[in-house]
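Taking it in order: structure first as structure tokens, then the write-up.
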Amino acid sequence: MARDLDLPASRYGAGHRGVDLSGAPGETVRAVAPGTVTFAGTVAGVGVVTVSHGAERSTYQPVEDRVVAVGDAVDRGQGLGRLGPAGSHCATVCLHLGRLLGEDYLDPLERLGRGQRVRLVDPDGPPPRPATAGDGSFLRPVGGPVTSPFGMRVHPVTGVRKLHDGVDLGAPCGTPVQAAAAGTVVLRERHPAYGWRVVLDHGDGTRTGYTHLQAFAVVVGQRVEAGTRIGSVGTTGLSTGCHLHFMVERDGAPVDPMLFV
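Pasting the structure below:
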């Protein structure tokens, strides 16, 4: 990290409206989450890319040799261009990453997972060290990447800062969702915020929830095994795109699902 977020006291005050991530000229700049490119050009001679993620936007500069254009859909981790030496305001070359909700600036590291070290990864260099895995007691319900981790965040639809009580796994609508472990279906509903939701009880005070589904494949009272299809990925409820919101509760309290997969 070259420089952390330092939001100004007023909208036009001095401050740092994003984070600076150290890098080297020519490294690939990658999208932090799935979205649509809404700007790809230059501002004051500096290459800039903006990606819309529903209510939020992420911004990247300086970006040279851009490989995306306005209207392109991008996935999390997809290359947008190369980190340029010109236009960087760090002592050494860095990427300035911004995050906005409307006209308000937010902390980009909340989307990436605050507290962990963040850096650009060169696809031609050595692979990064894998993230610490969970204990493997649960199957991953879908194979997509984590697009929003467990923890405090600003909700992308409501704009309210609150606990994100699960993890979002990016996957196309219609992707089969499998039970993370053997259990019994105790809830199948259409919830205003969670959308179409299935909850499984695994005993010992542990439940898993699968939300924003577009279809159900189980009924209340049904016994399922790990890997049983319980529905399919959708974008119902308060959702900005196709994904699975996967939840784990222990004794009624939400916990980070990635501790178990």
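Quick note on our numbering: the sequence shown kicks off at 384 and runs consecutively. Note that CB positions come from ideal geometry on N, CA and C, so glycine has one too.
Local Cβ density within 10 Å of residue i, reported as buried at 16 or more and exposed below that
i: Pro408; result: exposed
i: Thr541; result: exposed
i: Val476; result: buried
i: Leu570; result: exposed
i: Val543; result: exposed
i: Leu361; result: Because the chain in this structure spans residues 384 to 644, residue 361 falls outside the shown range and cannot be described.
i: Val603; result: exposed
i: Val453; result: exposed
i: Arg590; result: buried
i: Gly578; result: buried
i: Phe521; result: buried
i: Asp403; result: buried
i: Pro491; result: buried
i: Met535; result: exposed
Three-state secondary structure assigned by DSSP to residue i
i: Pro559; result: strand
i: Asp505; result: Below a pLDDT of 50, predicted positions are generally treated as unreliable, and Asp505, at 48, falls in that range; no measurement from the model is reported.
Integer Cβ distance of residue i from residue j, believed to fall under 8 Å
i: Val550; j: Pro417; result: That belief does not hold up - the Cβ atoms of Val550 and Pro417 are roughly 14 Å apart, past 8 Å.
i: Arg459; j: Val415; result: 7 Å
i: Ala554; j: Val616; result: 5 Å
i: Val648; j: Val434; result: Outside the shown range of the chain (384 to 644) lies residue 648, about which nothing can therefore be said.
i: Thr442; j: Gly481; result: 4 Å
Best match in the options for proximity to residue i [C-alpha to C-alpha]
i: Asp487; options: Glu439, Gly588 and Val453; result: Glu439
i: Thr425; options: Pro445, Gly617, Gly437 and Gly624; result: Pro445
i: Thr618; options: Ala414, Gly454, Val451 and Arg580; result: Arg580
i: Gln561; options: Leu480, Val644 and Gly586; result: Val644
i: Cys556; options: Ala427, Asp518 and Ala598; result: Ala598
i: Val582; options: Ile613, Pro491 and Val432; result: Ile613
i: Arg606; options: Gly586, Gly620, Pro524 and Thr623; result: Gly586
i: Leu463; options: Ala427, Phe422 and Arg633; result: Phe422
i: Ser622; options: Gly406, Thr411, Gly437 and Ala427; result: Gly437
i: Leu466; options: His574, Ser405, Ala609 and Asp634; result: Ser405
i: Gly620; options: Glu572, His538, His595 and Ala609; result: His595
Counting only runs of 4+ residues fully inside the segment 581-641, write out the alpha helix (DSSP H) ranges in chain order. none
Ordered list of beta strand (DSSP E) runs contained in the segment 410-467, each at least 3 residues: For the segment 410-467, whole beta strand (DSSP E) runs of length 3 or above, ordered along the chain, are 411-413, 418-426, 429-436, 439-444 and 462-466.
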